[in-house]
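Novice:
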Amino acid sequence: MSNQHQPTQTDRITRFERGIVFRVARGYFVALAVLALLLFVGGVVLGVRGMREQPIQSPARPIAPGPRSPLTLQAVEDEWRTLHDPLLHAADGPASPKQAKPSASTPPPDELSLALAKLRTLFPDPPYAWEDELENVCSIPSAFGCLQTGTRLKRRGVVSVLKNAFEGLNRSDATEYLIILFDVLKLAPMERRLDLVPAAVAAEKRAREEYDLAKARHQRRASEVENKYQLEVDLAKAKHAQWREFGIYGIASGLGLLVVVSLFLAFLSVERHTRALDALLQRSVPRGGGD
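Numbering (the numbering used here), first residue to last: 23 to 313.
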């Protein structure tokens, strides 16, 4: 009778499985189930967050410089005060070795001709000369008369001053400068008009250079703002794409762990079913072993 109550090897294995193996398996199952749920929910959240891209507000663009104000007589006067000493010396000094030569090229365009003709009305003769006026002088006098004659500048012409002031300008710019000169010099006193020509041209050149620099600075700032905005847009797109990718990985990992958990559930169900059948068989078989 005592032999019937002693546990067999199978009973000891069964108790070990129930006490340790299946408890560990159930704990592992619970941990995997929680992890799978977290991965799945996190993947869904990241995926939805990656699909909902928030538009980035476009930054305020720098204000472009307005139209350049026309040249004024006051600006010309200020420029003349800066440069008047060398201009006066150049006007009152000896004749320049470069003398105006009649142009033998093709006639200038109509716009340039009209601008020159219009400007010429501001320099009547007298007191001005449109072309350089030269006079014959005796360069080597003697008791017997003049041995050698030469020429010298009697009156400096307006054209000579314009040529010196317009040096380096093309025909299109020269036409614009002539129109600007007419608008400014018609307000100046008659006796100062020729002296103000170089100052007016220099003031207009400076104003254009400053305006071009302002436009270049504006374009540079606008380009920097646009590049920064585009970088923010690209970073936002990359971030949302990364979230979508992580969301896909999270959902896939959660589903994979759910499959593993399902296998554990199937294993535990088989284990419970097997033990239920074993217990049923043990109750149905008589312990005495009789027929």
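C-beta: ideal position from N, C-alpha, C; glycine also.
Determine, using beta carbons only, whether Arg177 and Glu155 come nearer to each other than 8 Å.
Specialist: Looking up residue 177 in the sequence shown gives position 155. Looking up residue 155 in the sequence shown gives position 133. Taking 8 Å as the cut-off, the Cβ atoms of Arg177 and Glu155 count as close.
Novice: With 16 as the cutoff for other CB atoms within 10 Å, does Ser125 come out buried or exposed?
Specialist: Indexing the sequence shown from 1 puts residue 125 at position 103. Bear in mind that the predicted position of Ser125 carries a pLDDT of just 44, short of 50, making it unreliable; the figure below should be weighed with that in mind. Ser125 is exposed by the Cβ-count criterion.
Novice: Hey, out of Ala274, Lys227 and Leu253, whose CA is closest to Leu11's CA?
Specialist: With the chain covering 23 to 313 only, the question about residue 11 has no answer from this structure.
Novice: The beta strand (DSSP E) spanning Ile162 covers which residue range?
Specialist: For this step, residue 162 is matched to residue 140 along the sequence shown. Per DSSP, Ile162 belongs to the beta strand (DSSP E) from Glu155 to Ser164.
Novice: Under the rule that 16 or more other beta-carbon atoms within 10 Å means buried, what is Leu277, buried or exposed?
Specialist: In the sequence shown, the residue the question calls residue 277 occupies position 255. With a 10 Å radius around the Cβ and a threshold of 16 neighbouring Cβ atoms, Leu277 comes out exposed.
Novice: Go through its chain and collect everything with a Cβ distance to Asp107's Cβ below 7 Å, but skip five positions before and after it.
Specialist: In the sequence shown, residue 107 corresponds to position 85, counting from 1. Residue confidence is low: Asp107 scores 46 on pLDDT, short of 50, so the model does not pin down where it sits. No coordinate-derived value is stated.
Novice: What do you get for Phe145, buried or exposed, if any count of 16 or more other CB atoms within 10 angstroms of its CB means buried?
Specialist: To locate residue 145, count along the sequence shown from 1; it is residue 123. The residue is buried, with at least 16 neighbouring Cβ atoms inside 10 Å.
Novice: How should Ala58 be labelled, buried or exposed, when 16 other C-beta atoms within 10 angstroms of its C-beta is the threshold for buried?
Specialist: Residue 58 sits at position 36 when you count from the first residue of the sequence shown. Flag for Ala58 reads buried.
Novice: Going along the chain, which residues of its own chain have a beta-carbon closer than 6 Å to the beta-carbon of Ala86, five neighbours each way excluded?
Specialist: Taking the first residue of the sequence shown as position 1, residue 86 is located at position 64. Contacts found: His240.
Novice: In the DSSP assignment, what residue or residues form a beta bridge with Leu175?
Specialist: Mapped onto the sequence shown, residue 175 falls at position 153. In the DSSP output, where bridge partners are listed per residue, Leu175 has Leu156.
Novice: Below 6 Å CB to CB, which residues in the same chain sit around Gly179 once its five sequence neighbours on both sides are set aside?
Specialist: In the sequence shown, residue 179 corresponds to position 157, counting from 1. Within the same chain, Gly179 has close Cβ partners Ala151, Trp152, Glu153 and Asp154.
Novice: For the segment 280-288 and the segment 89-97, state whether three or more C-beta atom pairs, one from each stretch, are separated by less than 8 Å.
Specialist: no
Novice: Any chance you could list the beta strand (DSSP E) runs of at least 3 consecutive residues sitting entirely within the segment 38-87, in chain order?
Specialist: Within the segment 38-87, no complete beta strand (DSSP E) run reaches 3 residues.
Novice: Who does Gln170 pair with in a DSSP beta bridge?
Specialist: If you number the sequence shown from 1, residue 170 lands on position 148. Its beta-bridge partners are Ile162.
Novice: Near Ile202, what residues of its chain come up, given a Cβ to Cβ distance below 6 Å and the 5 sequence neighbours on each side ignored?
Specialist: By one-based count along the sequence shown, residue 202 stands at place 180. Excluding residues within five positions, the ones whose Cβ falls inside 6 Å are Leu93 and Glu226.
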